[in-house]
Amino acid sequence: MMDALILTVILTSIPLILAATGELIAERSGVLNLGVEGMMLMGAVAAFAITSLSGNPYLGVMAAAAAGAMTAAIFAVFTLGLATNQVATGLALTIFGTGLSGLVGAPFIGGTVDGLQAVSIPVLSDLPVLGGLLFQLDLLAYGAFVMLALVAWFLNKSRAGLILRAVGNNHDSAHALGYSVLRVRCAAVIFGGLMAGLAGAYLPLVLTPHWSEGMTAGRGWIALALVVFASWMPSRILVGALLFGGITIIQLVGQARGWEMPSQFLSMLPYLATIAVLVLISRDRNFALMRAPAHLGRIFIGTR
Amino acid sequence: MISMTPRKDISMQRTVLTPVFSVLLTLCVGAGIFAVLGYDPSAALYQFFVAPLSRPDQVADLFVKACPLIIIATGLAFCYRANVWNIGAEGQIVMGAVCAGGVALFFPAIPDLLMMPAMIIAAMAGGMALAFIPGILKTRFNTNEILVSLMLTYVAALFIDWLVRGPWRDPESFGFPLTKSYGDAALIQRVELPGIGTIGQLHWGVVAALALAVAAYFVMSKTVFGFQVKVMGDAPRAGRFSGFNPARTTLGVLCLSGACAGVAGMVEVSANMGQLQPEVSFGYGFTAIIVAFLARLNPLGVIMAGLVVALAELGGDRAQMALGMPKVVTGLFTGILLFLLLAGETFNRYHVQINWPRFDQLKSGQLKSDEEG
Amino acid sequence: MTHAHSAISAETAPVLEAVGITKSFGDFRANDAVSFAIKPGEIHALLGENGAGKSTFVKLVYGLLQPDAGQFFCHGNPLSISGPQQARQLGIGMVFQHFSLFESLSVAENIQLALPAGEVLTSLSARIRELSDAYGLAVDPDAYVYDLSVGQQQRVEVMRCLLQNPSLLIMDEPTSVLTPQETKQLFAVLRRFADKGMAVLFISHKLDEIRALTSRATVLRRGRNVGTMDTKGKSNRQLAELMVGSEVADISRHKEPGKLAGTPPVCRITKLQRPKSTAFAVALDDISFCANAGEILAIAGISGNGQDELMAALSGEWQPPTGDVIVLEGTDISHFNPAARRRAGVGVVPEERNGHAAVPSMRLSDNALLTHHSLGQTVRHGVIDHTATKAIAAQIIQAFDVRVPNDDPMAAALSGGNLQKFVVGREILKSPRLLVVAQPTWGVDVGAAVSIRTAMLDLAANGSAVIMISQDLEEVFAIANKIAVLHDGRLSDVMPADQVTAEQIGLLMGGDDARLGASR
Chain U
-11 MMDALILTVI
-1 LTSIPLILAA
9 TGELIAERSG
19 VLNLGVEGMM
29 LMGAVAAFAI
39 TSLSGNPYLG
49 VMAAAAAGAM
59 TAAIFAVFTL
69 GLATNQVATG
79 LALTIFGTGL
89 SGLVGAPFIG
99 GTVDGLQAVS
109 IPVLSDLPVL
119 GGLLFQLDLL
129 AYGAFVMLAL
139 VAWFLNKSRA
149 GLILRAVGNN
159 HDSAHALGYS
169 VLRVRCAAVI
179 FGGLMAGLAG
189 AYLPLVLTPH
199 WSEGMTAGRG
209 WIALALVVFA
219 SWMPSRILVG
229 ALLFGGITII
239 QLVGQARGWE
249 MPSQFLSMLP
259 YLATIAVLVL
269 ISRDRNFALM
279 RAPAHLGRIF
289 IGTR
Chain C
254 MISMTPRKDI
264 SMQRTVLTPV
274 FSVLLTLCVG
284 AGIFAVLGYD
294 PSAALYQFFV
304 APLSRPDQVA
314 DLFVKACPLI
324 IIATGLAFCY
334 RANVWNIGAE
344 GQIVMGAVCA
354 GGVALFFPAI
364 PDLLMMPAMI
374 IAAMAGGMAL
384 AFIPGILKTR
394 FNTNEILVSL
404 MLTYVAALFI
414 DWLVRGPWRD
424 PESFGFPLTK
434 SYGDAALIQR
444 VELPGIGTIG
454 QLHWGVVAAL
464 ALAVAAYFVM
474 SKTVFGFQVK
484 VMGDAPRAGR
494 FSGFNPARTT
504 LGVLCLSGAC
514 AGVAGMVEVS
524 ANMGQLQPEV
534 SFGYGFTAII
544 VAFLARLNPL
554 GVIMAGLVVA
564 LAELGGDRAQ
574 MALGMPKVVT
584 GLFTGILLFL
594 LLAGETFNRY
604 HVQINWPRFD
614 QLKSGQLKSD
624 EEG
Chain Y
198 MTHAHSAISA
208 ETAPVLEAVG
218 ITKSFGDFRA
228 NDAVSFAIKP
238 GEIHALLGEN
248 GAGKSTFVKL
258 VYGLLQPDAG
268 QFFCHGNPLS
278 ISGPQQARQL
288 GIGMVFQHFS
298 LFESLSVAEN
308 IQLALPAGEV
318 LTSLSARIRE
328 LSDAYGLAVD
338 PDAYVYDLSV
348 GQQQRVEVMR
358 CLLQNPSLLI
368 MDEPTSVLTP
378 QETKQLFAVL
388 RRFADKGMAV
398 LFISHKLDEI
408 RALTSRATVL
418 RRGRNVGTMD
428 TKGKSNRQLA
438 ELMVGSEVAD
448 ISRHKEPGKL
458 AGTPPVCRIT
468 KLQRPKSTAF
478 AVALDDISFC
488 ANAGEILAIA
498 GISGNGQDEL
508 MAALSGEWQP
518 PTGDVIVLEG
528 TDISHFNPAA
538 RRRAGVGVVP
548 EERNGHAAVP
558 SMRLSDNALL
568 THHSLGQTVR
578 HGVIDHTATK
588 AIAAQIIQAF
598 DVRVPNDDPM
608 AAALSGGNLQ
618 KFVVGREILK
628 SPRLLVVAQP
638 TWGVDVGAAV
648 SIRTAMLDLA
658 ANGSAVIMIS
668 QDLEEVFAIA
678 NKIAVLHDGR
688 LSDVMPADQV
698 TAEQIGLLMG
708 GDDARLGASR
């Protein structure tokens, strides 16, 4: 029973990890993309549709990544190309993505697919306790952990990651040094979309093998909170995702068991904690500079 | 690649034509998408935009649908004009509904005439309180109000969920998460015109919403407060020079928009539900953000924009019934419309030139920019 | 094209030679046939007031701008510098006044970003430490930039340049943000560079420093090179004279000495203190002076010496923590915010007309409201009377000859000179008891400048007091009755304009301590 619960928590956290990792890159470059929910839904519908039509869930995964990336590209055209307000454009993207995915997915309602199968890792999956929990997951789940590690390495150890961090910290200095702020941000945003698409794919391909409108049910917004909660550090996304994922489970369990009071307040904790983290970050100017991308959400227009 | 230089003057022509053009372009794009996906574009457009207006009671229902959007977006217009990004209207709606509900349910002895005003005040207080939090955090700690207000929407949703399933649940509701029904004095009545009777679901909340938008327009364009909001949003340094206080402006607009959202919550419950339930807002807080932008942050424009978005919502209902389209398709239109409007804003304010990169520039390195600055 | 060329021998061939460099912006000639040479191992000062052409010249050298005429040479070979990247490749390094650093990254990462791809971080740290020792430039590669003092941050910028092996290092007003200790350390470092054969171009207006550090100096005035000379053996006085020009004081003045002499001052400022608000700010130290009725008091000085801070203190955008610091005709207005000060009779014209004195996206009637809303005629019970604001705007436009494209245009649609006329006229029309104005004719065409100055003279003649903060000495001598000089946050004694020479002012502007500070 406990095992099954923990496994559920892990599985529930996978889409959060994927989406938050992508959004983290976008935000580290200085772009706030509130359209995560919309991009996830596009990924979900693409995954379901292509898997349904082709019978191959891996094709579905690829389609989801492409769908997410293309949706993000729309966002990039407006906010980076035409310098539109990031908040408004992100919200528009969410509403647009929700609508378009609903439209595209309509013929597929009621259907079901064979999703991603679990792949056991030899040797490791025979470990007691951990074997069953961690090493018998599907490939996309392993992918999520691998991507998280890769992103952590990228940000801290690679030159391209350094440039990305610089652009997010001070786009004027980056521009003065000759770096193309817009190109870096565009790449970051599209990566964010790709990951959100993958996150969306996980829902119909692993968690609940069907399609319904708005099936992300707010996970995109939770991923946004998760990035802040993790202080924009990849290492903390894992913890945060398990926490946020776990809390959702607790609330459902609590309701089912009739624990009226604690469950909603428990569920509030991650959000209140996120606010607390935000305040702590902003209070100390130095701490803030270390953590939050200083130019998050600010429009950059290269001046001559 | 794309270079933008600010324009020196904004012509009236352009300001009016851009939204009109955006609407038309949206219809085209939407129709195109429908066609690609196998729906009949003209039938879809008819269901969306014409059918909902074919009878007077349907037009009235349009206003009913637009009512919360207008109230919330009016408050948001002030906020955004001052460059303060309140994304938490969804939560402020809930808190307003909760506080008004508290008055209705626990003080039923209030004289009938005073019940509505009491609820309104309570609703304003509830919404304001929630909006005050990102405000004080921003002015004291420089915390980003977008993220804080967003997080609080979840907190508010969970709070009302707890209330309605727990301490405020009506013992006679057979286990459903519902509070007791409000007394009549706490309900908003339908508008009854002499000789005609009621028109669709039209209720007095609609009248209040329209009056609010008009009053807000007056405040925005004719009072010092409105001037303050605009100056602090456009040029904060000039605002301080003029004698305005940035912290007070921020808190002021947040409280104002929170109060509006709170009232909208109260109106929705009192006009349409008559009791509290876990979901009192159906994404109105976010849709209203779109409305505010569509209205280009002008309170009078909010009426028009609210009606347009409400039309798309009602249209979505009809398209679902008549053509089997999923309900969320309204989002397609509103999303595209907002994209195009935002782009239009950019074209209005800047002279945009697209310079295709020269081949030799492309050759010289991946991440270096074309311009030295 | 024939030109004078320095000695050809390779050892003494100049690192950089400018011949006939000319650059204009529209009608304004920023650099007019500037020619001079910098030899290897030389620390060369570039001296001049604001607007003399120093920053334009330096941008030309660094490739941010292209000259209209003239040529640069390096070791005798003609150069064309297309941009900063090429300038760096040619061996020219530049440290700007405003740094391009990334605060949340480490020093090594900051430096790495300024270098072309291919540097491995670990070997970079080693190279940084190596150079650090070689030049006495204490830089810790692992420190985070937000943790560093401004002086240390500057060293990071210098280190960035060093790693590209420059033969010429340009430093733009480097000591304006340094403490005296840090200045000494910087000078030691620069001397070591010179010893190793690097040339340094040191832009400054601080005469003592120039004489202490540099071996030669070029003085620019109004875009022209008025002299290249050895600095050893020159006095501050001589440098100041060159910088400022002695013909300035000959400009005729059409004002009468304080008509209302003997009356108490309109405004008395006593011991105004203001600590630094950011690392790049200037602290105000014990400033005391009086502004008298009928007089224009000019506060001269090179910008960056506390003018912004003084302006904010006078306008009310910053208020001193204690009272009795600013007293207007008997009323202590120290705690008054800008709106209250306006009610008390203060008119303020800030330096920056776009975004501070006026809102570019708003109409002139609204911009008039900006400084009238606390005064009563335009606002009743919180409601704006738009007819009144339009009338005021029209009045200003008419009285001050503001050229407008239509009745009530956006401020952004006006030319600089016309917007300035509007912004100045807006205050003068209120007949304030005290008018405080900063850089009244900066970036303004001659005709508009004349109207603005005339308007200020007329206001004074009618009995108001005027405080004018200006870095334009010609303007100062043209209309001021009294002059004081602001340097490094301290104010000199206030001197009658007809009893002081331009070179004395120049000395004070350059920081010559002999006559500085009333309370010292």
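Residue numbers (our numbering), protein chains in the order written: chain U, -11 to 292; chain C, 254 to 626; chain Y, 198 to 717.
For glycine and all other residues, C-beta sits at the position ideal for the given N, C-alpha and C.
Treat the numbers as computed from the prediction; the structure is a model and nothing was measured.
Quick one: what's got a C-beta closer than 6 Å to M291 (chain Y)'s C-beta in the same chain, skipping five residues either side? Y259 and I367
Say whether the region 478 to 492 of chain C touches the region 367 to 374 of chain C, bearing in mind that this needs 3 or more beta-carbon pairs closer than 8 Å, one atom from each stretch. no
Which residues does DSSP pair with Y603 (chain C) in a beta bridge? C:P259
Beta carbon of V273 (chain C): closer than 7 Å to some heavy atom of the ligand ZN? In the structure on display, the ligand ZN does not appear, and there are no ligands present to speak of.
Would P387 (chain C) and Q530 (chain C) be called neighbours here (beta carbons separated by less than 8 Å)? no
Can you tell me which of Y:Q286, Y:T219, Y:L276 and Y:H272 puts its alpha carbon nearest to the alpha carbon of F254 (chain Y)? Y:T219
Opening and closing residue of the beta strand (DSSP E) in which L525 (chain Y) lies: I523 to L525
Let me see if you follow: with CB-CB separation under 8 Å, is L302 (chain Y) close to chain U or not? yes
Along the beta strand (DSSP E) that carries L446 (chain C), what are the first and last residues, could you check? R443 to L446
Would you mind listing the alpha helix (DSSP H) stretches within the region 669 to 693 of chain Y that are 4+ residues and don't spill past its ends, in chain order? 670 to 676
Taking T476 (chain C) as the query, report the chain Y residues whose CB atoms sit under 8 Å from its CB, ordered along the chain. G579, V580 and I581
Closest Cα partner of G349 (chain C) within the set C:G597, C:T599, C:V522 and C:T587: C:V522
Residues, ordered as in the chain, of the region 525 to 550 of chain Y that lie near chain C by beta-carbon distance below 9 Å: N534, P535, A536, A537, R538, R539, V545, P547 and E549
Around the C-beta of N243 (chain C), are 16 or more other C-beta atoms found within 10 angstroms, so that it is buried, or is it exposed? No statement about residue 243 (chain C) is possible, as the shown extent of chain C runs from 254 to 626 and does not include it.
With respect to the beta strand (DSSP E) encompassing Q454 (chain C), which residues constitute its N-terminal and C-terminal limits? G450 to H456
Proximity test, Cβ basis, 8 Å: R147 (chain U) and chain Y: yes
Three-state secondary structure assigned by DSSP to V139 (chain U): helix
Could you tell me the alpha carbon to alpha carbon distance between F390 (chain Y) and L360 (chain Y), rounded to whole angstroms? 13 Å
Determine the burial state of W141 (chain U): buried for a count of at least 16 other Cβ atoms within 10 Å of its Cβ, exposed for fewer. exposed
Report the partner residues of Y341 (chain Y) according to the DSSP bridge assignment. Y:S303
Selection of the region 311 to 338 of chain Y by Cβ proximity to chain U, strictly under 7 Å: A311 and A314
When Cβ atoms are compared, which residues of the region 512 to 544 of chain C fall closer than 7 Å to chain U? F539, I542 and I543
In its own chain, which residues sit with a C-beta less than 6 Å from the C-beta of G486 (chain C), not counting the 5 before and 5 after it? R334, A335 and N336
If the cut is a Cβ gap below 7 Å, which residues of chain C does A590 (chain Y) touch? Correct list: empty, because the minimum Cβ distance to chain C is about 14 Å.
L261 (chain Y) - DSSP class collapsed to helix/strand/coil: coil
Can the beta-carbon of M356 (chain Y) be found less than 8 Å from the beta-carbon of L328 (chain Y)? yes
Show which residues of chain U have a CB atom less than 7 Å away from the CB atom of F477 (chain Y). Simply none; closest approach about 15 Å.
Relative to chain U, which residues along the region 286 to 301 of chain Y have a C-beta separation below 7 Å, given in chain order? S297, L298, F299, E300 and S301
Mind checking if L277 (chain C) is an interface residue toward chain U, Cβ cutoff 8 Å exclusive? no
Could you pull the start and end residues of the alpha helix (DSSP H) that R630 (chain Y) belongs to? Segment: none, R630 (chain Y) is in no alpha helix (DSSP H) and carries neither H nor E.
If you draw a straight line from the C-alpha of A(-8) (chain U) to the C-alpha of L121 (chain U), how long is it? 9 Å
Are the beta-carbon atoms of G180 (chain U) and A60 (chain U) separated by less than 8 Å? yes
Got a sec? Which residues, its chain only, sit under 6 Å from D447 (chain Y) by beta carbon, not counting five neighbours each side? Only weak support exists for where D447 (chain Y) lies, its pLDDT of 40 falling under 50; the value from the coordinates is given anyway. Here the set comprises nothing.
Just checking: is the beta-carbon of N21 (chain U) within a distance shorter than 8 Å of some beta-carbon in chain Y? no
Counting contacts by CB-CB distance shorter than 8 Å, is F394 (chain C) in contact with chain Y? no
With 16 as the cutoff for other CB atoms within 10 Å, does V599 (chain Y) come out buried or exposed? buried
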